[in-house]
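See structure below.
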Amino acid sequence: MTDVIAAISTAMGEGGIGIVRMSGKDSLNIANKLFKGNKVDSLKENENRKLTYGHIIDPKDGEIIDEVLIVFMKGPYTYTREDMVEIYCHGGIISVRKILELVLENGARLAEAGEFTKRAFLNGRLDLSQAEAVIDMIRAKTDKSFEVSLNQLEGSISHKVKEIRNILLEMIAHIEVSIDFPDEDIEEVTYDELEEKARLVKEEIKKLLSTADRGKILKDGLNIVILGKPNVGKSSLLNAMLRENRAIVTNVPGTTRDIIEEYINIDGIPLKIMDTAGIRSTKDVVEKIGVDRAIDMVDKADLIIAVFDASESITDEDYEIIDIVKDKKSIVLLNKSDLPNEYDENDLKKLLPNKEIITTSIATGIGIDKLEQAIKEMFYAGELEIESDIIVTNMRHKDQLIKAKKNIEDGLEGIMLKIPLDCIEVDIKNCWENLGEISGDTVGEDILDKIFSEFCIGK
Ligand code: GDP
4 MTDVIAAIST AMGEGGIGIV RMSGKDSLNI ANKLFKGNKV DSLKENENRK LTYGHIIDPK
64 DGEIIDEVLI VFMKGPYTYT REDMVEIYCH GGIISVRKIL ELVLENGARL AEAGEFTKRA
124 FLNGRLDLSQ AEAVIDMIRA KTDKSFEVSL NQLEGSISHK VKEIRNILLE MIAHIEVSID
184 FPDEDIEEVT YDELEEKARL VKEEIKKLLS TADRGKILKD GLNIVILGKP NVGKSSLLNA
244 MLRENRAIVT NVPGTTRDII EEYINIDGIP LKIMDTAGIR STKDVVEKIG VDRAIDMVDK
304 ADLIIAVFDA SESITDEDYE IIDIVKDKKS IVLLNKSDLP NEYDENDLKK LLPNKEIITT
364 SIATGIGIDK LEQAIKEMFY AGELEIESDI IVTNMRHKDQ LIKAKKNIED GLEGIMLKIP
424 LDCIEVDIKN CWENLGEISG DTVGEDILDK IFSEFCIGK
C-alpha cells in the first residue's frame, strides 16, 4: 500500500479555496516536482506540517497553474497514518482539476471513493464503525445527527462492542478450558458462569438495539408528509415551520420537482418534510403525483399532516384525503379559522374520530406552536433528549446486532439445557463474530468495499 493516492477533497463548485490531497510514501516527492515556493525551492521532510506559500508549476512547460498554500504532513500522525500532502488552491473547478491532473501525471493515482478513510481504517487509525461515522457526519442534516455521528467517530459504539466481545471471549476461553480438562465440578461451575455472562451479553445487545430505531430517526429525520387539496395552506404551513426551525434546506437530488424535501429541526428533533408544493397549481394532489406515488409517500411517512380548509365546505378531494389518513399516524389541521367557518372541528371529528384535530390560522400564525408540540409529544412523549450517547444509527450495525442477539439467545438456551459445551461454543463464537463485523475486526473484503464505496471521492 505504498502507492500515492490523490483526489480533490473539497466539493466541486464555486468556492473560496479548493483542496487537492495526496496520501502515500511518495507524496512529498510528487509535490516537489510541481511546487515552487516563494522563499524556498521545495518542501522539506523535516518541515512537517508547515504551511508554505508558492506556486504550482507544470514541469512540462513551466506554466504557472495557480498560487497555492501547501503542507506536508508526516505519517503516522495524519488522517491515513501515511505521509500526506495537501495543496490549497483557488476554488472553482479549473484550478483543482489542473492540479489533480498534474499530480496524477507525476506519479499518483486517482483515489477511489472513500480510499483515504479506508487507509485510515486499514492502518488502524479508525475502526469500521468510526469510519462509517465519517460518512454520516458528512451527510448529517441536523446538529443532533451530527452530534451522534461525532460520538460514534470518537468510538462510543466501538467501546461498547469491544466490552461485549471481551465478555464473549472470556466465555469462549472458559469453555475451552473445560473441554480440555473435563471434570464434573468444573463443568457445573462453567454452566452457571456461562449463564450469567450470556444474560449480561444479551442485555447489553438489547440495549444497543433499542436505540437503533431512534437512531434512524435522528439520522434521517422523521418523514413527514403534508397532504391536502390545493389552496388549503400547505405551503404556508411549510414556510411557517421553516421560518422558525430551518436547518439546512436541500432540494434533494433524485426526487422529482413534484415533491420538495426540506429538513427542519424542532428542539433538536430532525424532521424531513415532504411537501407537494410543485403540484399546487393543479386540481388534485392525488391525480397529479399519481395514486401510486401518493400512496408510496404516505406509506413511507412516519407522520402525515392533513390540512383542511374550514372556510369551505367539505369536498370530494377532502374525502379522498380523509380516506388516505384515517388509518395512518396523522395530525389533522383545520385551517383558515380566521375566516367564517363552513365546517368545524366537530364535523371533522365525526369523519376522523381518532385523530388529534388542531384548529389553525396559518396565515396569522395561530396554532403552529400547537402542531409542533403535538409532533413532539406524539413521537417522543417528551423524551427524545439524548441521554445515552451511544445510539445505533447505522442499519448495518443494527443487522449485526440482531444476528448477535439471536446467537446469544441460542447459546443461552443451550446453556439452560446443559447441552455439550462445544455446541454452545459455536453460538458464542458466532455472536462474537457478528459483533466483530461492527468494529471491522472480523469483516470480509466485500463488505469493506461496499462500505467505502458509499463515500465520496476525496474522503
Ligand atoms: P396550498 O395550495 O395548500 O399550498 O396553499 P397555500 O399555502 O398556497 O395557501 C393558499 C392561500 O390561502 C394563500 O393565499 C394563503 O395566503 C391563504 N391562507 C393560508 N392559510 C390561511 C389562513 O389560515 N387563513 C387565511 N385567511 N388564508 C390562508
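Residue numbers (our numbering): 4 to 462. Glycine included, every Cβ here is placed at the ideal spot set by N, Cα and C. If you're wondering where the values come from, they're calculated on a predicted model, not measured in any experiment.
Taking the C-beta atoms as reference points, Glu85 is found no nearer than 8 Å to Gly94.
Two segments are said to touch when three or more pairs of C-beta atoms, one from each, lie closer than 8 Å; by this definition the segment 341-355 does not touch the segment 370-378. Here Glu115 carries a coil assignment [DSSP, helix/strand/coil]. Here the distance from the Cβ of Ser316 to the nearest heavy atom of ligand 1 is not below 7 Å. With a threshold of 7 Å, the Cβ atom of Asn338 counts as near ligand 1, since some heavy atom of the ligand is closer than that.
Under the 8 Å Cβ criterion, the segment 60-79 does not count as touching the segment 4-16, having fewer than three qualifying pairs. In this structure, Leu230 has its beta carbon at no less than 7 Å from each heavy atom of ligand 1.
In the DSSP secondary-structure assignment, Lys39 is bridged to His58.
For Cys92, the enclosing beta strand (DSSP E) begins and ends at 87-93. Residue environment analysis places Asp44 among the exposed positions, since fewer than 16 neighbouring C-beta atoms fall within 10 angstroms of its C-beta. Within the DSSP bridge table, the entry for Ser26 names Ile8, Met87 as partners. The Cβ atoms of Arg112 and Ser26 do not sit closer than 8 Å to each other. Using a Cβ-Cβ distance cut-off of 8 Å, the segment 172-181 and the segment 195-204 are in contact, since at least three pairs of beta carbons, one from each stretch, lie closer than that value.
Remark: the C-beta of Pro343 is outside contact range of ligand 1, defined as less than 7 Å to any heavy atom. Considering only Asp302, Asp305, Asp299, Ser333, the residue with the shortest C-alpha distance to Phe311 is Ser333. Checking the 7 Å criterion, the Cβ of Ala14 is out of range of every heavy atom belonging to ligand 1.
Given a length threshold of 3 residues, each whole run of the beta strand (DSSP E) inside the segment 295-320 is given here in chain order: 306-312. Counted as a single uninterrupted DSSP element, the alpha helix (DSSP H) harbouring Phe455 occupies residues 448-456. Rounded to whole angstroms, the Cβ separation of Thr55 and Leu72 is 7 Å, and the two are in contact under 8 Å. Here Ile378 really is in contact with Ile269; their C-beta atoms are around 7 Å apart, less than 8 Å. Distance from the CA of Val228 to the CA of Lys210, rounded to the nearest whole angstrom, comes to 31 Å. Rounded to whole angstroms, the separation of the alpha carbons of Asp425 and Arg24 is 51 Å. Burial check for Val164: the Cβ neighbour count within 10 Å reaches 16 or more, so the residue is buried.
Pairing Gln133 with Leu156 gives a Cβ-Cβ distance under 8 Å. Boundaries of the alpha helix (DSSP H) around Asp183: 159-183.
Taking Asn49 as reference, the option from Leu31, Ser98, Met381, Ile361 with the minimal CA-CA separation is Leu31. Within the same chain, Ala313 come within 7 Å of Asp347 by CB-CB distance, once the 5 residues on both sides are set aside. Glu265 and Lys275 have their alpha carbons spaced roughly 6 Å apart.
Taking C-alpha positions only, Met15 is separated from Gly65 by approximately 26 Å. The alpha carbon of Ser98 has as its nearest neighbour, out of Ile67, Val88, Arg128, Arg399, the alpha carbon of Ile67. Counting C-beta atoms within 10 angstroms of its own C-beta, Met419 has fewer than 16 neighbours from the protein chains shown and is therefore classed as exposed. Ser442: member of the alpha helix (DSSP H) spanning 424-442, first to last residue. Annotation for Ala309 indicates a beta carbon at 7 Å or more from all heavy atoms of ligand 1.
Taking 7 Å as the cut-off, the C-beta of Ile365 counts as close to a heavy atom of ligand 1. For Met398, the enclosing alpha helix (DSSP H) stretches over residues 398-420. Beta-bridge annotation (DSSP): Lys275 is paired with Asn226, Tyr266.
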